[in-house]
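Residue numbers (the numbering used here), protein chains in the order written: chain D, -12 to 257; chain E, -12 to 257.
Ideal Cβ placement from N, Cα and C applies to all residues, glycine included.
Here's the structure we're looking at; comments come further down.
There are 2 protein chains.
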Amino acid sequence: MPPLAARHPEMQTLRRLLRRRSARSESARYVIEGPRLVVEAIDAGVTLDAVYVPTDAEGADLADLADRCARAGIAPREVAAGVIEQVASTQSPQPALALAVPRPATLRDALALPRTLLLVLHDVADPGNAGTLMRVAEAVGGGVVLCGPAAVDAYNPKVVRAAAGSLFRIPVAVEDDLTVVLAACRTAGVRTVATSLGGTDDYDALDLTGPVALVLGNEAHGLPAGVLAEVDRAVRIPMLGSVESLNVAMAGAVIAFEAARQRRAAPRRP
Amino acid sequence: MPPLAARHPEMQTLRRLLRRRSARSESARYVIEGPRLVVEAIDAGVTLDAVYVPTDAEGADLADLADRCARAGIAPREVAAGVIEQVASTQSPQPALALAVPRPATLRDALALPRTLLLVLHDVADPGNAGTLMRVAEAVGGGVVLCGPAAVDAYNPKVVRAAAGSLFRIPVAVEDDLTVVLAACRTAGVRTVATSLGGTDDYDALDLTGPVALVLGNEAHGLPAGVLAEVDRAVRIPMLGSVESLNVAMAGAVIAFEAARQRRAAPRRP
């Protein structure tokens, strides 16, 4: 089979999936960019419809990818030189693409993690922040829930990149309505903790060793006022100087790692 | 005086200062973008050669800026409509610019902070990371040292923006040679703690209440191997799952806020 050209329908599909959220949700597919990330997806058992590599491909990462594909029974398709550059979402793309099937978690899956530690991102709109918080969630043994009308798409290419593989390995649930998430937490016995500049407790004064959901808000507007009345606790991160707030990814990381620190220090309950 | 046009020499200078590190270091000037940030600079006592606002300016932020300029004895200069867009470093610039004089701290200033908590950024090259870590440093009562041949310029417009005013308020020292920084810490009785994937201690197992300098490395390469032998301690952040490392700004924030937490918990020593 000759290498695929840029105008081949499959290449046009990949291009569209990388650029349009509607295309991703309508076809229930997304694109993973870069040989290392495709390897991580294979290792995590993500279902891939196809893997694409350039016909002039070289290098250790691509050799590694070829090896993993062979072991997973995937025959990578060759694309003509320069095509990946036309399809990819970045200016200097890494030479591999995969067409992947999303594997969204249910809220129930996410809440069922042992010693639940959920990051609930309400209207977090920046893909770098959402991806970074997926990485943080994995590092602390937790999961992520994306909610709110302004929430970034979990399969946005910048989210996929910033998550650095964590998207493939942790439960990532999507639930538009935060109220539904909070109710599910209550039913599951998971304490809800919102972070807010107007929080009443210092984040580190709270016992975070039990099941907990950290609710983080939009980059510019924070959490809607109503949310603070609905959660079990609202916490703040004490700050010196004239710093008004931390970036949401920073704030999430600081509190999530404080929870991890407390859990390492506290003996696991039966 | 008529509003300045885009080809006016002052506008050309601002354009160059925003784009070239060499222009900034040769003239010992940098540019602050956006009315809020210019207000923060005035409030922090940063020396401004000039403030520029568009002739068609409107809005609360610009009214606030006009007010602060008046109180500070600065007469803002008017620039023609559309000029800021041509000069600025961002695609949708905020309507104000200031020509500012850097106020670098000496290493000595930075080390003389009460309960020293320094973030030493070695070859941290991404401006967003450097700016964010300045914000973290202010929030924990600390300062920043930029060092290493690949270090980003402290007055890069993206650093200025990401620092969100902290650059104007905390000591930010620049010292090319990390060895000089480590020697100065030793002399000043400041413990040096490097963060590294190969660190021997968990970061939260260390007493961080005394004077401490956290040494953070390059985004891609971390710290040179030699550094780990030269510092007092090398720490790691324990992580679950398959997460290999955190972004340097994340790692710096997690450890800096752990130090702040310990300091709030521990009584201040005399």
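Within chain E, no residue has its CB atom less than 9 Å from the CB of residue 102 of chain D, the nearest being about 11 Å off. Per DSSP, the unbroken alpha helix (DSSP H) holding residue 22 of chain E starts and ends at 22 to 30. With distances taken between CA atoms, residue 40 of chain D lies nearest to D/20 out of D/20, D/120, D/99, D/59. At a beta-carbon threshold of 8 Å, the residues of chain D lying near residue 119 of chain E are 234, 237, ordered along the chain. In the structure shown, the three-state DSSP call for residue 19 of chain D is strand. For residue 48 of chain E, the closest alpha carbon among the candidates E/96, E/207, E/27 is that of E/27.
Proximity of chain D to residue 180 of chain E at the Cβ level (cut-off 7 Å) is not reached, the minimal Cβ distance being about 16 Å.
Measuring C-alpha to C-alpha distances from residue 225 of chain D to each of D/72, D/82, D/186 identifies D/186 as the nearest. Residue contact check for residue 227 of chain D against chain E: a CB pair falls below 8 Å. CA-to-CA, the gap between residue 128 of chain D and residue 78 of chain E works out to about 39 Å. Counted as a single uninterrupted DSSP element, the beta strand (DSSP E) harbouring residue 179 of chain E occupies residues 178 to 182. Sequence-ordered contacts of the segment 180 to 196 of chain D with chain E read 189, 191 [C-beta pairs closer than 8 Å]. Legend: CB atoms of the segment 73 to 91 of chain D lying less than 7 Å from CB atoms of chain E are not found in any residue. Here residue 228 of chain E is actually not in contact with residue 201 of chain E; their C-beta atoms are around 24 Å apart, not less than 8 Å. Judged by beta-carbon spacing, residue 22 of chain D lies within the 8 Å limit of residue 82 of chain D, meaning their Cβ atoms are closer than that value. Assignment of residue 44 of chain D by DSSP, reduced to helix, strand and coil, places it in the coil class. Within the DSSP secondary-structure output, residue 130 of chain D pairs in a beta bridge with D/105. Judged by DSSP in its simplified three-state form, residue 206 of chain D adopts coil rather than helix or strand. Secondary structure of residue 87 of chain D (DSSP, three-state): strand. Around residue 121 of chain E, the same chain offers 131, 150, 153, 154, 157, 159 as residues with beta carbons nearer than 7 Å, after the five sequence neighbours per side are excluded. Residues of the segment 109 to 134 of chain D that bring their beta carbon within less than 8 Å of a beta carbon in chain E comprise 119, 122, 123, 125, 126, 127, 128, in sequence order. Spanning the alpha carbons of residue 179 of chain E and residue 234 of chain E requires a straight line of approximately 20 Å. With a contact defined as Cβ atoms closer than 8 Å, residue -9 of chain D and residue 64 of chain D qualify at about 6 Å.
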